[in-house]
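**Student:** Got a structure for you, written out below as structure tokens; questions coming shortly.
2 protein chains.
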Amino acid sequence: MAAQPTEATTDPGCRVLGLRERKKQRTRDSLVEAAHRLFLVHGYGRTTIDEIAATVDVSQRTFFRYFENKEEVALAVMADAEDFFIECLRRRPAEENPLEAMRASITESWRSLGSVEHAGPGSVTAALELFELIESTPTLLAAHLRHTAEQERQVTVILAEREGLDPVTDLRPRLLAAVFGAVVRLSHLSWTSDAAAHQVGPDGMIALIERHFDQLGPALAGSWRH
Amino acid sequence: MAAQPTEATTDPGCRVLGLRERKKQRTRDSLVEAAHRLFLVHGYGRTTIDEIAATVDVSQRTFFRYFENKEEVALAVMADAEDFFIECLRRRPAEENPLEAMRASITESWRSLGSVEHAGPGSVTAALELFELIESTPTLLAAHLRHTAEQERQVTVILAEREGLDPVTDLRPRLLAAVFGAVVRLSHLSWTSDAAAHQVGPDGMIALIERHFDQLGPALAGSWRH
DNA sequence: TGCCGAATGTCAGCTGCTGACATAATGTCG
DNA sequence: CGACATTATGTCAGCAGCTGACATTCGGCA
Chain A
2 MAAQPTEATT DPGCRVLGLR ERKKQRTRDS LVEAAHRLFL VHGYGRTTID EIAATVDVSQ
62 RTFFRYFENK EEVALAVMAD AEDFFIECLR RRPAEENPLE AMRASITESW RSLGSVEHAG
122 PGSVTAALEL FELIESTPTL LAAHLRHTAE QERQVTVILA EREGLDPVTD LRPRLLAAVF
182 GAVVRLSHLS WTSDAAAHQV GPDGMIALIE RHFDQLGPAL AGSWRH
Chain B
2 MAAQPTEATT DPGCRVLGLR ERKKQRTRDS LVEAAHRLFL VHGYGRTTID EIAATVDVSQ
62 RTFFRYFENK EEVALAVMAD AEDFFIECLR RRPAEENPLE AMRASITESW RSLGSVEHAG
122 PGSVTAALEL FELIESTPTL LAAHLRHTAE QERQVTVILA EREGLDPVTD LRPRLLAAVF
182 GAVVRLSHLS WTSDAAAHQV GPDGMIALIE RHFDQLGPAL AGSWRH
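The listed protein sequences correspond, in order, to chains A and B.
Residue numbering for the first sequence follows our numbering, beginning at 2 and increasing consecutively.
Residue numbering for the second sequence follows our numbering, beginning at 2 and increasing consecutively.
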């Protein structure tokens, strides 16, 4: 983590950041928020980096020092959520079987989202808006799916370690990670395409994921007739 | 297949294309092939559209009349293969259960790839090179995953129609399409990351897909310990 | 206060991509 | 064959995303 600027912060927890760090964090947050708002109002494609930068009163060059590209600023909160999920998964007890660990982790992630104040950039309503933006913007969808793939890779490694398996030899961790990823993505899709019909809180999302999981067995079982 | 450019083309089957069409097809193929070669030699990011266009002796503007963007030319053969798979799936008999229909379709797709001459742009070796290029190029991977998602959507619709279900209400078509997509993608990954260990022909790919399918049940079943 | 390093601004430049318009090639019909 | 309509192509100008190089300013620390 960040280093202590003065010797007053001898606490290893180290939540006291220097003015510099705080300022950086603020401009970063501002950029994310400004971009979010502009994207929702004018659309992703019709929003310029210059506009975003100007809104926060920063040069374009500075923007690119915070984000590698335009997609990254749009998917920033998403990326944070993904990291949070990974952390949750890492913390799950090793006795738990893998699927339960993942279910519990994603539930925990969404609940933590619900605890955020109602309109902040990390709130549930913001998440819904973001999902819709992503799904309606090919470029963003592509980038998002790539992140998802990377996340599945990480999940695979974690699952393999938990069970003491070699993820190259044994296909099960990969497969479970991928199937889980698919379930989550389809849940997101259901949520965005029919948000009115569902609960908008974290519980709505969690319920959707459970429903998809329940249908997994039936979907894979032979014929569906009658 | 000699084509008569005159009024002899009254045949509604109309496989006789005019000089124009044939020329267009040729330049398109040339662009794909040139791009493929340049990407493999210099890398995707270090290859310019101008270079590709110049290789085929065409202006940059013309390139963009054939392909919407740089990614599309790289994924062109992939897109053809995906379309072919969809056609196969559409043709499967309705009695077959959905999973069997998909297995049969993808097998058919890969076999048709094996029948192509050994070094052409649609050959198996070219497919392997293309997979590796995609996997090592973030931009391409993102675009590829987006195509995959779109394909899953189509598959969902086809499956739902076969079984007479509403894909919005019933989650099973979506789920099966997604799980199948995941299996195929993981098989591709195994193939590229360890091509030496597998057969390089279509049969190698088909065997990999079968292996992944066989592990699907075990992966979803509770704990993996023993 | 004065120095060091980090963050920012400025500028030039490349590349992907698009619209507008002119030109050339192709197909059609008298 | 020749004139016209259609369509593909080339040219040019321009915007937006993104990067490297260098100057400048600002926060941290003695």
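C-beta atoms are modelled at their ideal positions from N, C-alpha and C, and glycine is treated no differently.
Specify the secondary structure class of Asp-215 (chain B) as computed by DSSP and reduced to three states.
**Tutor:** helix
**Student:** Show which residues of chain B have a CB atom less than 7 Å away from the CB atom of Arg-104 (chain A).
**Tutor:** Residues of chain B passing the Cβ test: none, with the nearest at roughly 12 Å.
**Student:** So Glu-164 (chain B) contacts chain A; which residues on that side make the cut at Cβ distance below 7 Å?
**Tutor:** Trp-225, Arg-226
**Student:** In chain A, what lies closer than 9 Å to Gln-26 (chain B) by C-beta?
**Tutor:** What Gln-26 (chain B) touches in chain A: nothing, since even the nearest Cβ is about 26 Å away.
**Student:** With 7 Å as the threshold, decide whether the Cβ of Ala-220 (chain B) is near any Cβ in chain A.
**Tutor:** yes
**Student:** If you draw a straight line from the C-alpha of Val-78 (chain A) to the C-alpha of Arg-112 (chain A), how long is it?
**Tutor:** 15 Å
**Student:** Using a beta-carbon distance below 7 Å, is Leu-187 (chain B) in contact with chain A?
**Tutor:** It does: the Cβ of Leu-187 (chain B) has a partner Cβ on chain A nearer than 7 Å.
**Student:** Just to confirm, is the Cβ distance from Leu-209 (chain B) to Ser-188 (chain B) under 7 Å?
**Tutor:** yes
**Student:** Counting only Cβ pairs nearer than 7 Å, list the residues of chain B close to Pro-94 (chain A).
**Tutor:** Ordered by position in chain B, no residue passes the 7 Å Cβ test against Pro-94 (chain A), which lies about 13 Å from the chain.
**Student:** Can you name, in chain order, every residue of its own chain whose Cβ lies under 7 Å from the Cβ of Lys-71 (chain B), other than the five neighbours on each side?
**Tutor:** Ile-50
**Student:** Taking only runs that begin and end inside the segment 11-92 of chain B, name each unbroken alpha helix (DSSP H) of 4 or more residues, in chain order.
**Tutor:** 20-43, 50-57, 61-67, 71-75, 77-92
**Student:** Apply the 10 Å Cβ neighbour rule to Thr-63 (chain B) and answer buried if 16 or more other Cβ atoms are within range, or exposed otherwise.
**Tutor:** Around the beta-carbon of Thr-63 (chain B), fewer than 16 other beta-carbon atoms lie within 10 Å, marking it exposed.
**Student:** Looking at the secondary structure, which residues open and close the alpha helix (DSSP H) in which Val-158 (chain B) lies?
**Tutor:** 139-164
**Student:** Indicate the three-state DSSP secondary structure (helix, strand or coil) for Gly-182 (chain B) in the structure shown.
**Tutor:** helix
**Student:** Determine whether the Cβ of Ala-179 (chain B) lies closer than 7 Å to any Cβ atom of chain A.
**Tutor:** yes
**Student:** Just the C-alpha distance for Ala-203 (chain A) and Leu-114 (chain A), rounded to the nearest angstrom, thanks.
**Tutor:** According to the sequence shown, residue 203 (chain A) is Pro rather than Ala. Going from the Cα of Pro-203 (chain A) to the Cα of Leu-114 (chain A) covers about 7 Å.
**Student:** To the nearest angstrom, report how far apart Asp-195 (chain B) and Leu-134 (chain A) are at their CA atoms.
**Tutor:** 37 Å
**Student:** Using a Cβ-Cβ cut-off of less than 9 Å, list which residues of the segment 122-139 of chain B approach chain A; keep chain order.
**Tutor:** Those residues of the segment 122-139 of chain B that come within reach of chain A (Cβ to Cβ, closer than 9 Å) are Pro-139.
**Student:** Given a cut-off of 7 Å on the beta-carbon distance, is the pair Leu-100 (chain B) and Ile-159 (chain B) in contact?
**Tutor:** no
**Student:** Out of B:Ile-107, B:Glu-136, B:Asp-58, which has the shortest C-alpha to C-alpha gap to Tyr-45 (chain B)?
**Tutor:** B:Glu-136
**Student:** Using CA atoms only, rank isn't needed, just tell me which of B:Thr-170, B:Asp-171, B:Val-59, B:Leu-217 is closest to Val-180 (chain B).
**Tutor:** When C-alpha distances from Val-180 (chain B) are compared across B:Thr-170, B:Asp-171, B:Val-59, B:Leu-217, the shortest belongs to B:Leu-217.
**Student:** With 7 Å as the threshold, decide whether the Cβ of Leu-141 (chain A) is near any Cβ in chain B.
**Tutor:** no
**Student:** Any Cβ of chain A within less than 7 Å of the Cβ of Gln-61 (chain B)?
**Tutor:** Among the residues facing chain A, Gln-61 (chain B) is not included, as its CB has no counterpart in that chain under 7 Å away.
**Student:** Does the distance from the C-beta atom of Thr-157 (chain B) to that of Arg-175 (chain B) stay below 7 Å?
**Tutor:** Yes, these two residues count as a Cβ contact at 7 Å.
**Student:** Helix, strand or coil, according to DSSP, for Pro-168 (chain A) in the structure here?
**Tutor:** coil
**Student:** For a test of the three-state rule: what should DSSP assign to Pro-203 (chain B), helix, strand or coil?
**Tutor:** helix
**Student:** When you compare the CB of Gln-216 (chain B) with every CB in chain A, is at least one pair closer than 7 Å?
**Tutor:** yes
**Student:** Grab me the residues of Ser-191 (chain B)'s own chain with a C-beta within less than 6 Å of its C-beta, minus the 5 sequence neighbours each way, in chain order.
**Tutor:** Leu-209
**Student:** With a threshold of 7 Å on Cβ separation, who are the neighbours of Gly-123 (chain B) within its own chain once the five nearest residues in sequence on each side are excluded?
**Tutor:** Val-78, Leu-114, Val-117
**Student:** Less than 7 Å between the C-beta atoms of Ala-220 (chain B) and Arg-173 (chain A), yes or no?
**Tutor:** In terms of Cβ geometry, Ala-220 (chain B) and Arg-173 (chain A) form a close pair [threshold 7 Å].
**Student:** Between which two residues does the alpha helix (DSSP H) holding Pro-99 (chain B) run?
**Tutor:** It spans 99-115 - the alpha helix (DSSP H) in which Pro-99 (chain B) sits, taken as one unbroken run.
**Student:** Measuring only the C-alpha atoms, how far is Asp-58 (chain B) from Val-201 (chain B)?
**Tutor:** 34 Å
**Student:** Check Ser-224 (chain B) in the structure and name its three-state DSSP category.
**Tutor:** coil
**Student:** So is Glu-1 (chain B) buried or exposed if we call it buried at 16+ other beta carbons inside 10 Å?
**Tutor:** Only positions 2 to 227 of chain B appear in this structure, which leaves residue 1 (chain B) out of reach.
**Student:** With a 10 Å radius around its C-beta and 16 neighbouring C-beta atoms as the bar for buried, classify Thr-11 (chain A) as buried or exposed.
**Tutor:** Since pLDDT at Thr-11 (chain A) reaches only 32, below the 50 mark, its modelled position is unreliable, and the value read off the structure follows with that caveat. Taking all protein chains shown into account, Thr-11 (chain A) has fewer than 16 neighbouring C-beta atoms within 10 Å of its C-beta and is therefore exposed.
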